[in-house]
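Its first residue numbered 156, the sequence shown is counted upward by one per residue in this note's numbering. Ideal Cβ placement from N, Cα and C applies to all residues, glycine included. Computed from a prediction, not measured in an experiment: that's the story for all the values here. Okay, so here's the structure we're looking at.
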Amino acid sequence: MLDGRYRVDARIAVGGMATVYRALDIRLDRILALKVMHPALAADASFVDRFIREAKSVARLAHPNVVQVFDQGADRSYVYLAMEYVAGCTLRDVLVQRGALQPRAALDILEPVLAALGAAHRAGFVHRDMKPENVLIGDDGRVKVADFGLVRSVDSVTSTTGAVLGTVSYLAPEQVESGAADPRVDVYACGVVLYEMLTGRKPHDSDSPAVILYKHLHEDVPAPSAVVPGLAHELDELVARGTARDPGVRPHDAVALLALLRETRSALRAEQLDAVPPQALAQAHDIGEDRTSVIPRSLTVPRPLPVNEEDEGVLLTSRFEATPSPTLGFARAGAPPSDRRRGGRRSRRGLVSLVVAVLIVLGAGAGVWYINSGQFTKVPPLLSKTEAEATARLKEAGLDVGSVEHAYSDTVKRGTVISTDPAAGKRIRSNDSVKLTISDGPETVNVPDVQGRTLARAKLLLTADGLEPGMVTREFSEDVPKNSVISTDPGAGSKRHAGTAIALVVSKGAAVDVPDVTGDDLDDARQQLQEAGLKVTVSATEVNSEYDQGQVARQTPAGDAQAAEGDTVTLTLSKGPELVEVPNVVGADVDAATKLLEQSGFQVKEDRGLLGLFGDTVRKQSVDAGEQAPKGSTITITIR
């Protein structure tokens with residue numbers, strides 16, 4: 156128990172600065188997470204003061220994608236935060252299990268992260284320790300940013316005796332160089348996280364933290380497409396902007412990076428968003444490397460075993476359990492050596508006999524306990540726990556999960572435990588298994604009316620009613636706003652089994668005819684497209700084409716296609732026609748000359764005149780041999 160209020164139930168995670176436990180607030184009867192600072196750091200009064208002050212500030216930051224802080228306190232040597240408990244996993248868990256993610260999934264995760272950080276930045280806070288371990292993904296699909304314990308005010312300046320707080324793989328160059336921390340260090344870390352989601356690996360990797368820090372300072376983060384060929388260049392550009400080594404080039408805060416992310420998403424086609432990455436890119440992960448650290452200072456404070464100097468028996472027992480002496484010398488603490496050697500107190504033989512007797516009694520007692528009690532335990536209460544929570548609690552009790560069955564229930568929330576076999580409180584052998592029955596929710600539910608709702612909101616409503624969001628198709632609509640639901644299949648009001656997938660038709664907005672601007676100058680093309688209600692982006696790559704340099708060589712979507720208002724058209728500019736050296740065909744027969752010119756990339760026209768009607772030899776060519784001519788242009792050969 157902490158502060159007589161929080162009952163610690165299980166350890167969730169251990170980091171470089173704190174340990175997180177699942178606990179029960181016995182006053183409000185709710186599960187929460189307790190973050191307890193490591194004693195080594197708790198011994199630093201200035202660090203604790205800042206920790207408490209900043210925790211109070213973060214508690215005022217109310218945002219749906221931020222893990223909320225409920226309480227803060229200290230109990231003996233334990234300094235803690237009481238926070239919202241999110242049942243689910245971390246982004247690190249996802250990356251370790253799956254490796255690289257599809258671009259759509261990566262952007263879906265990063266978007267709420269940036270929304271949370273954006274709210275913090277606009278409120279005057281910097282996170283300073285963004286990494287996959289601090290991105291929580293709930294069982295309900297919600298994404299939340301955790302561990303604002305390192306935040307500080309944007310306008311304040313802090314010092315840790317020349318050390319840097321953070322995680323080496325995600326530190327911005329200016330953090331490494333000078334310890335500076337403004338919103339752009341979070342932008343850099345998010346760019347690294349996006350790279351990791353797209354590729355399944357970190358951009359700067361090494362067994363040595365010093366090498367990683369050096370690379371942050373002197374090497375750019377590589378393009379994700381260099382690791383995963385086929386990724387859209389827009390994703391490369393988004394990562395490059397977020398991880399620019401010069402902070403002045405980066406977006407100034409998470410809100411600005413979020414705007415760039417949304418522009419990037421709108422510029423990508425469905426097949427680019429849903430590109431499947433090679434799963435071989437998943438890499439082994441060293442958890443220790445990604446713990447938040449104080450670099451380079453290492454703080455360690457020994458924790459001595461409590462000693463009762465007045466009671467020799469208590470001292471004997473506690474030392475025996477904690478640190479048995481190889482010589483079995485259990486002398487009273489603080490006694491001078493002369494006292495230990497006094498033959499009148501206790502002979503060595505008598506002491507050894509006493510110890511042996513104690514060990515025999517303890518051993519016999521332990522054996523009786525094991526035979527009568529140690530083989531058995533009780534099934535813990537699991538009603539209304541999720542399957543993951545129930546599994547964890549059984550493991551804590553030394554039990555295994557047996558079969559998992561599903562059943563409908565009008566009263567128990569879908570995805571949680573209805574019953575166990577054996578039931579809660581029943582006596583069971585240790586290491587035995589417990590069968591779980593999980594609720595599928597009500598047997599039938601009504602499909603909610605989500606027409607006109609945003610896609611994200613519609614998915615939440617379907618999930619809340621025990622249904623699954625199904626396949627999403629998109630259609631143009633004059634009446635329904637872009638990214639809102641046009642209809643569902645089955646329709647609203649239909650009765651379906653809980654867990655049924657509901658297909659969604661989502662609006663692409665009003666249809667717009669895309670003008671054909673190939674061959675136009677860039678300014679003219681941009682004006683036409685913008686007048687049509689479309690956005691314009693210019694590809695960084697130029698290509699050879701039949702059009703003059705600087706004119707539009709191609710566009711995506713193509714001219715005369717349909718797009719939604721506000722969609723982005725990507726323009727690729729021409730480098731001009733490709734020039735090819737003209738071969739010498741004078742003196743060759745007509746067939747051989749034609750074949751040679753066509754193989755060089757030219758079209759061929761014959762000029763026979765009256766004198767060449769029956770001839771077969773090339774006497775002249777319109778472009779002299781050795782000169783350069785545009786590939787695809789026509790060469791006229793005169794035949795006599």
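message: Can you tell me whether H652 is helix, strand or coil according to DSSP?
response: As a working mapping, residue 652 is identified with position 497 in the sequence shown. Residue state, collapsed to three classes: strand.
- request: Run through the region 640-684 for me and flag every whole beta strand (DSSP E) of 3 or more residues, listed as ranges in chain order.
  value: 640-644, 650-652, 656-662 and 666-668
field: Nearest neighbour of A335, chosen from G742, V298, P402 and P377 [CA to CA]
entry: Numbered from 1 along the sequence shown, position 180 holds the residue referred to as residue 335. Of the listed residues, the one whose Cα sits closest to A335 is P402.
Best match in Q685, L386, D746 and Y702 for proximity to D722 [C-alpha to C-alpha]: Indexing the sequence shown from 1 puts residue 722 at position 567. Residue nearest to D722 within the set Q685, L386, D746 and Y702 is Q685 (criterion: CA-CA distance).
Where E736 falls: helix, strand or coil (DSSP): Locating residue 736 in the sequence shown gives position 581, where the first residue counts as 1. The answer is strand: DSSP assigns E736 an E or B state.
message: Taking its Cβ as the centre, do 16 or more other Cβ atoms sit within 10 Å of F769, making it buried, or is it exposed?
response: Here the question's residue 769 lines up with position 614 in the sequence shown. F769 should be labelled exposed.
task: Give the secondary structure of K750 by DSSP, where H, G and I count as helix, E and B as strand, and everything else as coil.
output: Numbered from 1 along the sequence shown, position 595 holds the residue referred to as residue 750. Here K750 sits in helix by DSSP.
- prompt: Quick one: any contact between the region 579-586 and the region 532-546, if contact means 3 or more CB pairs under 8 Å?
  reply: yes
Member of V347, G787, E332 and V672 whose CA lies at the smallest distance from the CA of Y325: The count along the sequence shown starts at 1 and reaches residue 325 at position 170. Considering only alpha carbons, the answer is V347.
task: Under 8 Å by Cβ, that's how I've got V241 and G296 pegged, so tell me the actual separation to the nearest angstrom.
output: For the purposes of this step, residue 241 is taken as the residue at position 86 of the sequence shown. For the purposes of this step, residue 296 is taken as the residue at position 141 of the sequence shown. 11 Å between Cβ atoms; not a contact.
message: Relative to the C-alpha of V331, which candidate in L372, D634 and G664 has its C-alpha closest?
response: As a position in the sequence shown, residue 331 is number 176, starting the count at 1. Minimum Cα distance to V331 is reached at L372.
message: I'd like to check one pair, A178 with R162: are the Cβ atoms closer than 8 Å?
response: Counted from its first residue, the sequence shown places residue 162 at position 7. Counted from its first residue, the sequence shown places residue 178 at position 23. It is a contact, given that the beta carbons lie within the stated cut-off.
query: What does DSSP give as the partner residues of Y583 in its beta bridges?
result: Position 428 of the sequence shown, counting from 1, holds the residue named residue 583. A quick correction: the sequence has Ile, not Tyr, at residue 583. Per the DSSP secondary-structure output, I583 pairs in a beta bridge with T532.
- prompt: Buried or exposed: L236, going by 16 or more other Cβ atoms within 10 Å of its Cβ?
  reply: Residue numbering aside, residue 236 sits at position 81 when the sequence shown is read from its first letter. Per the 10 Å Cβ criterion, buried.
message: Between the alpha carbons of R247 and V169, how many angstroms are there, rounded?
response: Looking up residue 247 in the sequence shown gives position 92. Looking up residue 169 in the sequence shown gives position 14. Rounded to the nearest angstrom, the two C-alpha atoms are 14 Å apart.
message: Can you give me the C-alpha to C-alpha distance between E701 and K286, rounded to a whole angstrom?
response: The count along the sequence shown starts at 1 and reaches residue 701 at position 546. The count along the sequence shown starts at 1 and reaches residue 286 at position 131. About 48 Å.
query: Is the number of C-beta pairs between the region 592-611 and the region 648-666 that are closer than 8 Å three or more?
result: yes
- request: Going by CA-CA distance only, name the one from M156, R182, D644 and L187 that's closest to D230.
  value: For the purposes of this step, residue 230 is taken as the residue at position 75 of the sequence shown. Minimum Cα distance to D230 is reached at M156.
query: How big is the Cα-Cα spacing for E210 and D302?
result: By 1-based counting over the sequence shown, the position of residue 210 is 55. By 1-based counting over the sequence shown, the position of residue 302 is 147. Note that residue 210 is Ala in the sequence shown here, rather than Glu. It is roughly 10 Å from the alpha-carbon of A210 to the alpha-carbon of D302.
- prompt: Helix, strand or coil for D408 per DSSP?
  reply: Here residue 408 corresponds to residue number 253 of the sequence shown, with the count starting at 1. Correct three-state label for D408: coil.
- prompt: Looking only at C-alpha atoms, which of R259, Y369, V556 and G674 sits nearest to E426?
  reply: Along the sequence shown, read from residue 1 onward, the residue named residue 426 stands at position 271. Of the listed residues, the one whose Cα sits closest to E426 is R259.
task: Would you mind giving the Cβ-Cβ distance between C345 and L265, rounded to the nearest angstrom? I have them listed as a contact below 8 Å.
output: Residue 345 sits at position 190 when you count from the first residue of the sequence shown. Residue 265 sits at position 110 when you count from the first residue of the sequence shown. That pair is a contact at about 7 Å.
task: State the CB to CB distance for the pair A658 and D644, rounded to an integer number of angstroms; the pair is presumed to be in contact (CB under 8 Å).
output: The residue given as residue 658 occupies position 503 in the sequence shown. The residue given as residue 644 occupies position 489 in the sequence shown. Confirmed, about 4 Å.
- prompt: Could you give the distance in angstroms between the alpha-carbon of I181 and the alpha-carbon of L187?
  reply: Counting from one through the sequence shown, the residue named residue 181 turns up at place 26. Counting from one through the sequence shown, the residue named residue 187 turns up at place 32. If you take the alpha carbons of I181 and L187, they lie about 11 Å apart.
task: Could you check the C-alpha separation between L615 and Y369 for me, to the nearest Å?
output: Here residue 615 is taken as the residue at index 460 of the sequence shown, counted from 1. Here residue 369 is taken as the residue at index 214 of the sequence shown, counted from 1. Going from the Cα of L615 to the Cα of Y369 covers about 44 Å.
message: By the DSSP assignment, the alpha helix (DSSP H) with P328 in it spans what residues?
response: Here residue 328 corresponds to residue number 173 of the sequence shown, with the count starting at 1. Its alpha helix (DSSP H) spans residues P328 to S333.
message: Classify R166: buried if its beta carbon has 16 or more other beta carbons within 10 angstroms, exposed otherwise.
response: What you label residue 166 is simply residue 11 of the sequence shown in a count that begins at 1. Looking at its Cβ environment, which holds fewer than 16 other Cβ atoms inside 10 Å, R166 is exposed.
For V745, the three-state DSSP class (helix, strand or coil): Walking along the sequence shown from the start, residue 745 turns up at place 590. Correct three-state label for V745: helix.
- prompt: Going by DSSP, which residues form a beta bridge with V589?
  reply: As a working note, residue 589 is residue 434 in the sequence shown. V589 pairs with V556.
query: Hey, quick one: how far does the beta strand (DSSP E) through Y161 stretch, first residue to last?
result: The residue you call residue 161 lines up with position 6 of the sequence shown. That run of the beta strand (DSSP E) goes Y161 to V169.
- prompt: Looking only at its own chain, which residues have a Cβ that is under 8 Å from the Cβ of L413, when we skip the five neighbours before and after it?
  reply: Residue numbering aside, residue 413 sits at position 258 when the sequence shown is read from its first letter. Around L413: E266, L269, A270 and G273.
- request: Could you please give me the residues that DSSP links to Y176 through a beta bridge?
  value: For this step, residue 176 is matched to residue 21 along the sequence shown. Beta bridge pairing from DSSP links Y176 with R166 and L189.
task: Taking 8 Å as the cut-off, decide whether the C-beta atoms of A716 and K663 are in contact.
output: Taking the first residue of the sequence shown as 1, we reach residue 716 at position 561. Taking the first residue of the sequence shown as 1, we reach residue 663 at position 508. Against a cut-off of 8 Å, the Cβ pair of K663 and A716 comes out as no contact.
Between the CA atoms of G397 and A665 - distance to the nearest angstrom: Taking the sequence shown and counting its residues from 1, one reaches residue 665 at position 510. Taking the sequence shown and counting its residues from 1, one reaches residue 397 at position 242. For A665 and G397, the distance between alpha carbons rounds to 33 Å.
- request: Kindly list the residues whose CB is nearer than 7 Å to the CB of E544, restricted to its own chain and excluding five residues on each side of it in sequence; keep chain order.
  value: Position 389 of the sequence shown, counted from the start, is the residue given in the question as residue 544. Once the five neighbours on either side are set aside, the close Cβ partners of E544 are A242.
task: Determine, using beta carbons only, whether V855 and A613 come nearer to each other than 8 Å.
output: Only positions 156 to 795 of the chain appear in the structure, and residue 855 is not among them; the question remains open.
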